[in-house]
Each structure stands twice: as C-alpha cells, then as structure tokens.
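Chemist: Just so you know, we're using my numbering here: the sequence shown kicks off at 4 and counts up by one. We put the CB at the ideal spot given by N, CA and C, even for glycine.
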Amino acid sequence: MRVLVTGGAGFLGSHLCERLLREGNEVICLDNFFTGRRRNIHPFLAHPDFELIRHDVVLPILLEVDRIYHLACPASPIHYQYNPVKTIKTNVLGTHNMLGLAKRTRARFLLASTSEVYGDPKVHPQKEDYWGNVNTVGIRSCYDEGKRVAETFTMDYHRQNKVDVRIVRIFNTYGPRMLAEDGRVVSNFIVQAIKGEDITVYGEGKQTRSFCFVDDLVDGMVRMMETVGFTGPVNLGNPEEYTILDLAKKIVAMTGSRSKIVFRPLPSDDPTQRQPDISLAKQKLGWQPRMSVDEGLRTTVDFFRKELAR
Ligand code: NAD
Ligand code: UDP
C-alpha cells in the first residue's frame with residue numbers, strides 16, 4: 004500500500020509513519036515543518052520505502068496514493084493560536100486539497116479530528132452523537148471550528164463524491180517526541196519537574212482531561228482506516244480522567260522533583276471537563292487503550308530526560 008501521511012513529521016504523524024513502515028507499506032510523509040521536526044523522522048530517512056515531501060497542504064499537490072492519513076495541523080494551543088488565520092486555512096483549504104486528492108486517486112481518507120469539536124462539553128463523558136458547545140469567535144475557535152468544518156467537508160465528499168472516508172476524534176494524547184516547548188500540559192509539567200522549575204497549573208487545576216499514550220492512539224487510527232463500512236466519527240482516547248492538579252501532583256511524585264506547584268490564570272474558553280466514551284471504538288474496532296497512564300508517563304519522562312540532556 005502507498006500511504007500518504009500529512010503532518011508526518013509531527014508528534015503523532017512520526018509514530019504513525021513508523022508503524023506503517025514496520026507493516027511493509029510505502030510511506031510518503033508530507034509536512035511544512037511548522038511544528039514537525041526532521042529529528043522525528045530521521046531514523047526512517049534512509050528507509051527504501053520512505054519518502055519526505057516538504058509541502059504545505061494549503062496548496063494542492065498531485066500524488067498517486069492508496070491511503071491518506073490527514074494529520075497536518077498544529078495541535079497545541081500555543082501553536083495553533085500563533086497564526087490563527089493560517090490554522091483555519093490549514094483545516095479548511097488543506098482538508099479540501101487532501102479530499103480532492105482522495106477523490107481523484109480513489110484513495111481511502113482518514114481525518115484526524117479532535118475532542119475539541121465538543122468544545123466545553125455539557126455532556127459528560129462525551130459520546131459521538133453529542134454536537135458540542137463551541138464558541139465561534141474565541142481564541143480556540145480557529146482550531147475547534149476549523150476541525151468541525153473539516154469533518155463536514157469529509158462527510159460531504161463522502162455523500163456527494165463517494166470518497167471512502169473515516170473520521171477519528173482524538174482526545175489528549177502524549178508520549179515521546181512531543182516538543183518540550185509546545186505548551187501542552189503533559190510536556191510542560193514533565194519538563195518543569197525535571198528542571199526543578201515551578202509547575203504551572205492554569206486556573207485552580209480543577210478542569211479535567213483524559214490522557215492516551217501515543218502507541219495506543221496510532222493503533223486506533225490504523226484499525227479505523229482498515230475497518231470497512233464505518234465512517235465514524237469515532238472517539239479515540241483513554242477514559243482515565245484526571246484533574247490537572249492531580250496530574251501535576253502525579254508527575255512531581257513520579258519524577259521525585261522538588262518543583263513547587265504554582266497557579267496561573269486560566270486561558271479563555273479552556274474546557275472544564277473532557278472524557279471520551281469509547282463504547283463505539285470498542286464495538287466497531289475492537290479497540291481500547293492498553294497502556295496505563297502511570298506506565299505511559301514513565302516512558303515519556305524517560306524520553307524527556309534524554310531529550311533535555313542533549
Ligand atoms: P504536531 O503539531 O506535532 O503535528 C502536526 C504536524 O503537521 C507537524 O509536523 C506540522 O509541521 C504539520 N503541519 C502543520 N500545518 C501544516 C500545513 N499547513 N501543511 C503541512 N504540514 C503542516 O501535532 P500532533 O499532536 O502530532 O497532532 C497531529 C494531528 O492530530 C493534528 O491534526 C491534531 O489536530 C490532531 N490531534 C492531536 C491531538 C493530540 O493530543 N496530540 C488531539 C486531538 C487531535
Ligand atoms: N494546562 C496547565 N498548565 C500548563 C499547560 C496546560 O494547567 O502548563 C492546562 C490547560 O489550561 C488545560 C489542560 O492543562 O486545561 C490541557 O491543556 P493542553 O494545552 O495540553 O490541551 P487542551 O487544552 O487542548 O486539552
């Protein structure tokens with residue numbers, strides 16, 4: 004199979020490329036290196052089945068492929084808010100271009116959507132049939148609404164042009180190859196703890212998130228791509244839910260750090276709770292996370308210790 008991975012040099016994309024190569028596919032990684040790094044894909048650059056294209060999905064591209072995993076889009080709030088107009092263009096124009104490519108080549112297309120389509124959810128835990136509670140004009144909207152349009156585009160190409168599509172809604176995922184400075188909570192807390200710096204909890208830390216280890220997530224994406232007769236959307240995430248304050252305490256204890264926990268202002272529109280209902284993924288894909296949060300965090304701490312020692 005010739006597989007295109009957009010955003011393939013990023014955190015999730017590089018793990019996905021690795022898995023697809025291991026399974027004997029030809030992999031084309033397409034990335035504009037906004038948040039991706041050559042170091043993430045360095046081990047595969049010499050692989051005979053791996054090809055790297057530096058390209059921005061906002062512009063069309065002609066390729067011949069069998070599968071398209073469409074991940075290109077910055078995922079951390081700091082990065083997607085850095086140039087919000089570009090984030091919207093990436094989600095709208097980029098997804099349009101990749102769906103056009105899927106239509107022309109008859110490739111199967113998978114959209115990496117997000118739990119952010121649920122916004123600040125009034126239903127807990129979140130099921131796929133919940134339509135969400137999203138601010139259209141806030142600082143997170145470029146990402147949240149961008150992904151919502153991307154989902155709409157995907158289903159309209161499916162209904163109107165018979166493109167074979169899949170949508171996964173990814174909940175907070177963490178693991179090796181996250182950027183130390185990308186501002187997401189797991190990388191921030193681990194890096195702060197290792198360096199002995201203050202652990203910055205936003206608000207009172209009562210907001211919750213549910214954290215999935217990257218290998219589990221990638222497994223869910225591949226299962227979804229290869230499952231026939233099911234477009235989704237389907238939630239992929241680990242239902243183990245933590246308050247941000249408890250996560251901070253857990254990471255301080257795990258690293259044996261002397262860091263103090265300090266409180267900083269809560270960014271606007273920060274969702275108060277988030278937990279996936281994964282019954283649909285269990286039923287349709289036979290999927291559920293295998294890695295416990297403790298084990299996944301330990302692996303990620305080991306990664307950052309090596310990363311920071313460089
Ligand atoms: P990431 O920032 O590490 O990776 C995104 C990749 O896309 C980077 O390599 C970046 O350079 C590339 N990219 C960005 N804009 C591009 C453009 N216009 N053209 C080409 N390449 C572009 O983020 P990630 O955590 O690996 O997330 C990957 C995908 O999964 C994103 O679509 C994100 O919305 C989705 N997602 C991730 C999470 C998570 O917790 N990691 C949660 C929900 C959804
Ligand atoms: N957060 C925090 N301290 C940090 C970074 C993030 O308390 O240093 C909080 C943030 O306000 C949010 C949660 O952790 O409530 C998850 O943030 P992240 O940016 O990882 O993802 P998202 O908000 O998109 O789920």
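Can you tell me which of the three DSSP states ASN136 falls into?
Modeler: Counting from 1 along the sequence shown, the entry for residue 136 is found at position 133. Looking at ASN136 - three-state DSSP - the assignment turns out to be strand.
Chemist: Rounded to the nearest angstrom, what separates MET4 and VAL166 at their Cα positions?
Modeler: The residue you call residue 4 lines up with position 1 of the sequence shown. The residue you call residue 166 lines up with position 163 of the sequence shown. One C-alpha to the other measures close to 18 Å.
Chemist: Taking CB distances under 8 Å as the criterion, tell me whether PRO242 reaches chain C.
Modeler: Of the protein chains in this structure there is only one, and it is not chain C.
Chemist: Beta-carbon within less than 6 Å of GLU29's beta-carbon, same chain only, minus the 5 sequence neighbours each way: which residues are those?
Modeler: On the sequence shown, position 26 is the one that residue 29 refers to. The residues are ARG5 and ASP52.
Chemist: Check whether the stretch 168-184 touches the stretch 296-312, counting contact only when three or more Cβ pairs, one atom from each stretch, lie closer than 8 Å.
Modeler: Segments in contact, yes.
Chemist: Could you pull out every unbroken alpha helix (DSSP H) segment of at least 4 residues lying fully inside the stretch 237-298, listed in chain order?
Modeler: Counting whole runs of 4 or more residues, the stretch 237-298 contains the alpha helix (DSSP H) stretches 247-258 and 282-288.
Chemist: Report the start-end ranges of each alpha helix (DSSP H) in the stretch 126-213 that is 4 residues or longer and not cut off at the edges.
Modeler: The qualifying runs are 144-164 and 188-198.
Chemist: Closest by CA to ARG172, which one among ASP201, PHE47 and TRP134?
Modeler: Against the sequence shown, residue 172 aligns to sequence position 169. Closest by alpha carbon: TRP134.
Chemist: Given 7 Å as the limit, tell me if PRO77 has its C-beta closer than that to any heavy atom belonging to the ligand UDP.
Modeler: One-based indexing of the sequence shown puts residue 77 at position 74. Because no heavy atom of the ligand UDP lies under 7 Å away, the Cβ of PRO77 does not count as near it: no.
Chemist: So is ARG267 buried or exposed if we call it buried at 16+ other beta carbons inside 10 Å?
Modeler: Walking along the sequence shown from the start, residue 267 turns up at place 264. Exposed, since its Cβ has fewer than 16 Cβ neighbours within 10 Å.
Chemist: Provide the residue(s) that pair with CYS20 in DSSP beta bridges, ordered along the chain.
Modeler: Residue numbering aside, residue 20 sits at position 17 when the sequence shown is read from its first letter. Partner(s): none; CYS20 has no beta bridge.
Chemist: Taking the alpha-carbon positions, what's the MET158 to SER116 distance?
Modeler: Residue numbering aside, residue 158 sits at position 155 when the sequence shown is read from its first letter. Residue numbering aside, residue 116 sits at position 113 when the sequence shown is read from its first letter. When rounded, the distance between both Cα atoms is 12 Å.
Chemist: What separation, rounded to the nearest whole angstrom, lies between the Cα atoms of ALA312 and GLN129?
Modeler: Here residue 312 refers to the residue found at position 309 of the sequence shown. Here residue 129 refers to the residue found at position 126 of the sequence shown. So the two alpha carbons sit approximately 39 Å from each other.
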